[in-house]
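Student: There's a structure below that I have some questions on.
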Amino acid sequence: MKRLLLIPKLGIHNANALSSPYTIGFPAMTAWLGGVHALERQIRKLGYEEVRFKSVAVICHSINLQTYKGRGDYVFSIIGTGNPLDKNGERPSFIEEARCHLTVSLLIECENIESYNANFDEFIQRIVLLLKGRFKIASGDIINCELPELIDVDDEFKLRKLLRRLMPGYCLIERRDLMKKAMQEGNDCLDALLDYIKVTHRSEIKEDGTVEWTSCRKENGWIVPIATGFHGISDLGKADNQRDPETPHRFAESIVTLGEFIIPYSINELDEMLWRYHFDSENDLYLCQQKQPYSFN
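For the sequence shown, our numbering assigns the number 787 to the initial residue and increments by one for each residue that follows.
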């Protein structure tokens, strides 16, 4: 049996839309797991020392990417924020940041919460107070959310009932299998990624002389590039002015792979939509990965 904390219809304003170092769109999985980890640390400070948030599923209900394309423009531009004027009455220089407004539901797998059975209502209220405070997820401000609740899932009926509650929406799963397949065919990682997200347009002249255009991708589905962790590129050590003096420091680069948005009701097992942390010490990999790969059979 899994005990899950459902935070439904979480409205987030000005979330970081850098889905990877190269693309903008849905916030990276590292941002979502980081937000859930921060929520766990805060709830443990409030007296729930044994509670652990093991994994999380992210279901997107709506997203509004803050971009603009004017008449005659070839590409979209990022809509910047209106920063206050400086002492000379001019706009200060700033780094453009991709932002988005979105509504998501978070499904968090909880552990060691059974000992707080008598205080479930109080536990939920503490979660609400944290979310309505100055808490941020993916660098975005939380503007609204429905009442969270704890749900036990121990059979197929309860799983289907839960998945219906997550509709309409799309949950993000990993499609690392597509990257592996393309790289086994001789493509490098960047060519493999671009090959699956590009749209190919073709034209055909019909017998009556009209031209028919078709557009398609290499693979069916809503496939997007996502950042799923970091690769250490230096040895562990100390750095001047590092944020946490007790934790070893190392330089790292982002890991980018493919993901796909699917309808929650197509999930066969709950672990197919849950993401968790994984550390590969041999290859210096700090990953966000699914507990169980999604089955497309």
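All residues carry an ideal CB built from backbone N, CA and C; glycine is no exception. Bear in mind the structure is a predicted one, so any value in this text is a computation, not a measurement.
For residue 1062, list the residues DSSP reports as bridge partners.
Tutor: Here the question's residue 1062 lines up with position 276 in the sequence shown. According to DSSP, residue 1062 bridges with 1075.
Student: So who's on the other strand from residue 839, going by DSSP bridges?
Tutor: Numbered from its first residue, the sequence shown carries residue 839 at position 53. Per DSSP, 896.
Student: Rounded to a whole number of angstroms, what is the C-alpha to C-alpha distance between residue 1072 and residue 1017?
Tutor: To locate residue 1072, count along the sequence shown from 1; it is residue 286. To locate residue 1017, count along the sequence shown from 1; it is residue 231. Taking the straight line from one Cα to the other gives about 6 Å.
Student: State the start and end residues of the unbroken alpha helix (DSSP H) segment that holds residue 962.
Tutor: Sequence index remark: in the sequence shown, residue 962 carries index 176 (1-based). Start and end: 962-970.
Student: Grab me the residues of residue 1057's own chain with a C-beta within less than 6 Å of its C-beta, minus the 5 sequence neighbours each way, in chain order.
Tutor: Looking up residue 1057 in the sequence shown gives position 271. 1077, 1078.
Student: Could you tell me the boundaries of the beta strand (DSSP E) in which residue 1000 lies?
Tutor: The residue you call residue 1000 lines up with position 214 of the sequence shown. That run of the beta strand (DSSP E) goes 997-1002.
Student: Go ahead and pull the three-state DSSP assignment for residue 1018.
Tutor: The residue labelled residue 1018 in the question sits at position 232 within the sequence shown. Residue state, collapsed to three classes: strand.
Student: Using CA atoms only, rank isn't needed, just tell me which of 850, 861, 977 is closest to residue 886.
Tutor: Residue numbering aside, residue 886 sits at position 100 when the sequence shown is read from its first letter. Ranking the options by Cα distance to residue 886, first place goes to 850.
Student: In whole angstroms, give me the CA-to-CA distance for residue 1067 and residue 1023.
Tutor: In the sequence shown, the residue the question calls residue 1067 occupies position 281. In the sequence shown, the residue the question calls residue 1023 occupies position 237. Approximately 16 Å between the Cα atoms of the pair.
Student: For residue 928, write down the residues that DSSP places opposite it in a beta bridge.
Tutor: Counting from 1 along the sequence shown, the entry for residue 928 is found at position 142. Looking at the DSSP assignment, residue 928 forms a beta bridge with 798.
Student: Between 795, 818, 789, which lies nearest to residue 1061 when the distance is taken from Cα to Cα?
Tutor: If you number the sequence shown from 1, residue 1061 lands on position 275. The shortest C-alpha separation from residue 1061 is found at 818.
Student: In terms of alpha-carbon separation, which member of 797, 1054, 787, 1052 lies closest to residue 924?
Tutor: As a position in the sequence shown, residue 924 is number 138, starting the count at 1. Answer by Cα proximity: 797.
Student: Using a 10 Å radius around the Cβ and a threshold of 16 neighbouring Cβ atoms, would you call residue 906 buried or exposed?
Tutor: Residue numbering aside, residue 906 sits at position 120 when the sequence shown is read from its first letter. Its Cβ having fewer than 16 others within 10 Å, residue 906 is exposed.
Student: Using the Cα positions of residue 1027 and residue 1035, report the straight-line distance between them to the nearest angstrom.
Tutor: Translated into the one-based positions of the sequence shown, residue 1027 becomes position 241. Translated into the one-based positions of the sequence shown, residue 1035 becomes position 249. Cα-Cα distance, rounded: 11 Å.
Student: If we ignore side chains and look at the alpha-carbon of each, how far apart do residue 1054 and residue 1001 end up?
Tutor: Working through the sequence shown from its first residue, we reach residue 1054 at position 268. Working through the sequence shown from its first residue, we reach residue 1001 at position 215. Using only the alpha carbons, I get a separation of about 31 Å.
Student: Could you tell me the boundaries of the beta strand (DSSP E) in which residue 990 lies?
Tutor: Here residue 990 refers to the residue found at position 204 when the sequence shown is read from its first residue. First-last of the beta strand (DSSP E) with residue 990: 986-991.
Student: Just grab the DSSP bridge partners of residue 975 for me.
Tutor: Position 189 of the sequence shown, counted from the start, is the residue given in the question as residue 975. In DSSP, residue 975 forms no bridge with anything.
Student: How about residue 822 and residue 894: do their beta carbons lie closer than 9 Å?
Tutor: Here the question's residue 822 lines up with position 36 in the sequence shown. Here the question's residue 894 lines up with position 108 in the sequence shown. Yes, the Cβ-Cβ distance between residue 822 and residue 894 is below 9 Å.
Student: Taking the alpha-carbon of residue 983 as reference, which of 1081, 1012, 970 has the nearest alpha-carbon?
Tutor: Position 197 of the sequence shown, counting from 1, holds the residue named residue 983. Nearest option by C-alpha distance: 1012.
Student: Measuring straight from C-alpha to C-alpha, what distance separates residue 909 and residue 870?
Tutor: The count along the sequence shown starts at 1 and reaches residue 909 at position 123. The count along the sequence shown starts at 1 and reaches residue 870 at position 84. About 40 Å.
Student: Give me, in chain order, the residues of the same chain whose beta-carbon lies closer than 6 Å to that of residue 962; leave out the 5 immediate sequence neighbours on both sides.
Tutor: Translated into positions along the sequence shown, residue 962 becomes position 176. Correct list, in chain order: 1043.
Student: In whole angstroms, give me the CA-to-CA distance for residue 1041 and residue 820.
Tutor: Your numbering for residue 1041 matches position 255 in the sequence shown. Your numbering for residue 820 matches position 34 in the sequence shown. Roughly 16 Å separates the two Cα atoms.
Student: Rounded to a whole number of angstroms, what is the C-alpha to C-alpha distance between residue 911 and residue 892?
Tutor: Within the sequence shown, numbered from 1, the residue matching residue 911 stands at position 125. Within the sequence shown, numbered from 1, the residue matching residue 892 stands at position 106. The alpha-carbon atoms of residue 911 and residue 892 are separated by roughly 17 Å.
Student: Taking the C-alpha atoms as reference points, what is the distance between residue 839 and residue 952?
Tutor: Along the sequence shown, one-based indexing puts residue 839 at 53. Along the sequence shown, one-based indexing puts residue 952 at 166. So the alpha carbons of these two residues sit roughly 20 Å apart.
Student: What would DSSP say about residue 819, mapped onto helix, strand or coil?
Tutor: Counted from its first residue, the sequence shown places residue 819 at position 33. Note: residue 819 maps to helix in three-state DSSP.
Student: Have a look at the DSSP bridge pairing and note the partners of residue 1032.
Tutor: As a working note, residue 1032 is residue 246 in the sequence shown. None, per the DSSP bridge assignment.
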